[in-house]
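Residue numbers for the sequence shown follow this note's numbering, so the first one is 6 and each next one is one higher.
Don't be surprised by glycine CBs; every beta carbon is placed ideally from N, CA and C.
What you are looking at is a predicted structure, and each value in this text was computed from that prediction instead of being measured.
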Amino acid sequence: MPTALGSAAARNLATTTKTRPQNTATSPRWLLSELSWKLLEAGTYRVNQRRRRPVRDGLVRFDQNRIVPPSLARLLPFAGFADAVELQQLSMSFELREVPARTLLAELGAPLDALTLIVHGTVSREVPGAYGTAAVTALLGPGEQIGAELLTGPDSRWTFSARTETSCRILTLPAAQLRELLDRTPRLREHLARPAPDGPVNKYGESEIPFASGHTGETELPQGFPDYDTEPKEYDLTLAQTRLRVHSRVADLYSNPMDQTREQVRLAVDALRERQERDLLTHPDLGLLAQVDPGQRIAARTGRPTPADLDELLSRRRSTAFFLAHPRAIAAFRRQCTAAGLEPGQVRVRGQQHTAWRGVPILPSDKIPIDEYGATSILALRTGADQGGVVGLGPADLPEELEPGLSLRFEGIDPAAVITYQLSTYYGVAVLVPDALGVLDFVEVGR
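What follows is the structure in structure tokens.
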């Protein structure tokens with residue numbers, strides 16, 4: 006028998022010391038805090054650029070190892086071709102193959118014998134180097150191709166060697182089958198035979214502006230002008246909303262010492278901000294991962310994120326403000342640094358220490374997806390409108406604004422005495438210049 010009052014009974018007469026309600030899903034949201042934000046008077050942001058002509062292939066999309074037919078139009082020879090039936094026929098003609106690592110797919114000087122699309126894995130493109138060793142000129146990842154020259158030059162030869170760096174899944178279309186297909190698809194054949202666009206362009210596809218320099222005397226000067234894109238890209242603000250319901254009895258009787266309504270709103274706002282950052286990264290239309298220019302997308306050479314991979318990502322742009330990576334990708338990068346005998350740097354951002362490379366902080370975000378193969382992506386961003394960078398978009402003003410870009414509206418009390426509030430947040434993100442955003446893809450975090 007107890008001889009003194011137990012703690013369970015005594016607790017009924019005691020006042021507890023309590024915390025505010027905690028939210029497990031809360032993250033640091035570094036993307037939201039480090040982006041520079043442009044506040045819009047209207048709901049649309051227009052990005053004017055110089056007119057550009059495609060100068061490299063886009064990425065072909067796949068659905069369960071099958072080509073999504075319209076995405077074939079992202080390859081330069083098919084640019085502008087929109088016949089859905091003939092694209093479907095073309096997509097069904099490819100054969101799926103599994104290829105081990107270090108397999109030679111193409112040999113320099115040999116007849117060009119197939120068009121190959123990479124579904125999974127990485128492929129290096131090599132040419133003889135100046136000092137007798139092979140020089141890697143490109144590292145290709147999922148969605149990229151080798152052999153597209155076959156479409157416009159049937160008797161072409163390989164101008165490089167191609168070798169798988171990892172085990173790969175590829176789709177191939179042999180030259181003989183391609184010729185048979187073109188005989189059955191007249192519109193596609195006519196499209197491939199069209200003349201190339203006129204006029205010189207720079208490496209970004211913008212028309213060259215002619216200059217004269219170093220001349221003497223009365224030399225007639227060349228003339229030209231920087232043309233503008235007649236259909237500039239426009240970014241519309243998107244939104245996330247919810248209706249928050251609180252019974253008046255709870256709000257009246259259980260709001261001391263903590264205001265129940267205020268805590269409910271705080272937790273809902275936190276969840277909305279999490280959704281906002283996730284959309285800015287992964288939304289299939291407006292997210293950063295969907296906006297990467299093909300020329301700014303590279304693949305990790307061996308799957309593991311090495312210092313050389315991050316150097317390659319850095320070299321694609323000026324003034325990189327920060328990397329953004331899944332915490333597991335950061336851990337994988339640190340393992341590769343340790344294996345190479347290197348110590349990554351440390352940079353303080355908003356009072357917190359972060360892993361850095363070449364002085365650029367690598368900020369964590371668990372919203373960057375890891376796919377079924379254990380692969381993820383690392384982003385590199387230049388930010389700010391003045392730098393031609395990545396810019397977050399939000400409304401300049403909202404009715405009943407609770408905090409920037411987020412409004413809280415009282416909807417009323419229903420017959421069941423439940424109070425309803427509407428929470429809305431509006432946002433978007435724009436990439437002003439293609440090289441403002443780059444991605445290192447196929448980053449394996451499980452090895």
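My understanding is that residue i touches residue j, with C-beta atoms under 8 angstroms, so please give their C-beta distance in whole angstroms.
| i | j | result |
| --- | --- | --- |
| ARG333 | VAL434 | So it is not a contact: roughly 24 angstroms between Cβ atoms. |
| ARG58 | PRO202 | 6 angstroms |
| ALA111 | PHE165 | 7 angstroms |
| GLU149 | ASP62 | 7 angstroms |
| ALA330 | ILE303 | Not a contact, Cβ separation roughly 14 angstroms. |
| LEU80 | VAL65 | 7 angstroms |
| VAL352 | ALA361 | 4 angstroms |
| LEU285 | LEU428 | In fact, because the Cβ distance is near 18 angstroms, the residues do not count as touching under 8 angstroms. |
| GLY210 | VAL60 | 4 angstroms |
| ARG174 | GLU103 | 6 angstroms |
| SER98 | LEU186 | 5 angstroms |
| ALA390 | SER41 | 7 angstroms |
| ARG162 | LEU117 | 6 angstroms |
| SER212 | GLY204 | 6 angstroms |
| ALA313 | GLU46 | Not a contact, Cβ separation roughly 45 angstroms. |
| ILE456 | SER96 | Residue 456 cannot be examined here, being either before or after the span of the chain that is shown, 6 to 452. |
Return the CA-CA distance between residue i and residue j, expressed in angstroms with no decimal places.
| i | j | result |
| --- | --- | --- |
| GLY417 | SER370 | 37 angstroms |
| LEU44 | ARG51 | 13 angstroms |
| LEU445 | THR138 | 26 angstroms |
| ARG507 | PRO215 | One cannot answer for residue 507 here, as it falls past the ends of the chain, which runs 6 to 452. |
| ALA78 | HIS125 | 20 angstroms |
| ASP419 | THR425 | 8 angstroms |
| GLN301 | ARG189 | 36 angstroms |
| GLY350 | ARG34 | 22 angstroms |
| GLY364 | SER320 | 14 angstroms |
| ARG194 | ALA305 | 36 angstroms |
| ASN70 | THR177 | 12 angstroms |
| ALA385 | GLN54 | 21 angstroms |
| LEU226 | VAL206 | 19 angstroms |
| ARG168 | LEU244 | 45 angstroms |
| GLU377 | LEU315 | 23 angstroms |
| THR325 | VAL395 | 11 angstroms |
| LEU92 | THR311 | 38 angstroms |
| GLY393 | PRO289 | 23 angstroms |
| THR343 | PHE328 | 19 angstroms |
| PRO262 | PRO299 | 55 angstroms |
| ILE151 | THR121 | 5 angstroms |
| ARG322 | VAL436 | 13 angstroms |
| ARG414 | PRO404 | 8 angstroms |
| GLY134 | LEU294 | 34 angstroms |
| ARG339 | VAL141 | 25 angstroms |
| LEU347 | ILE335 | 14 angstroms |
| THR21 | LEU272 | 22 angstroms |
If you count every other CB in all the chains shown that lies within 10 Å of the CB of residue i, and 16 or more means buried, which is it?
| i | result |
| --- | --- |
| VAL443 | One point to set straight first is that residue 443 is Gly, not Val, in the sequence displayed. When all chains shown are included, GLY443 counts as buried. |
| PRO439 | buried |
| TYR259 | exposed |
| PRO237 | exposed |
| VAL132 | exposed |
| GLU468 | Nothing can be reported for residue 468: it is not among the residues displayed for the chain, which extend from 6 to 452. |
| ALA153 | buried |
| GLN358 | exposed |
| LEU398 | buried |
| TYR432 | buried |
| GLY229 | exposed |
| PRO246 | Looking at the sequence itself, residue 246 is Gln, so the reference to Pro does not match. When all chains shown are included, GLN246 counts as exposed. |
| ALA464 | Since the first and last residues shown for the chain are 6 and 452, residue 464 lies out of range. |
| HIS196 | buried |
| GLY146 | buried |
| THR381 | buried |
| LEU36 | buried |
| LEU411 | buried |
Compare the beta carbon distance of residue i and residue j with 9 angstroms and say whether it is the shorter of the two.
| i | j | result |
| --- | --- | --- |
| THR127 | GLY308 | yes |
| ALA89 | HIS252 | no |
| VAL278 | THR430 | The question names Val, but residue 278 is Arg in the sequence shown. Yes. Within cutoff. |
| PRO74 | SER172 | no |
| THR287 | ILE373 | yes |
| ARG184 | PRO159 | yes |
| GLU100 | PRO26 | no |
| LEU155 | ALA115 | no |
| TYR233 | ARG107 | no |
| THR49 | ASP241 | yes |
| VAL297 | GLU408 | no |
| ALA276 | THR266 | no |
| GLU317 | LEU113 | no |
Tell me, please, whether the CB atom of residue i is closer than 9 angstroms to any CB atom in chain B?
| i | result |
| --- | --- |
| HIS125 | In summary, chain B is missing from the structure at hand, where a single protein chain is found. |
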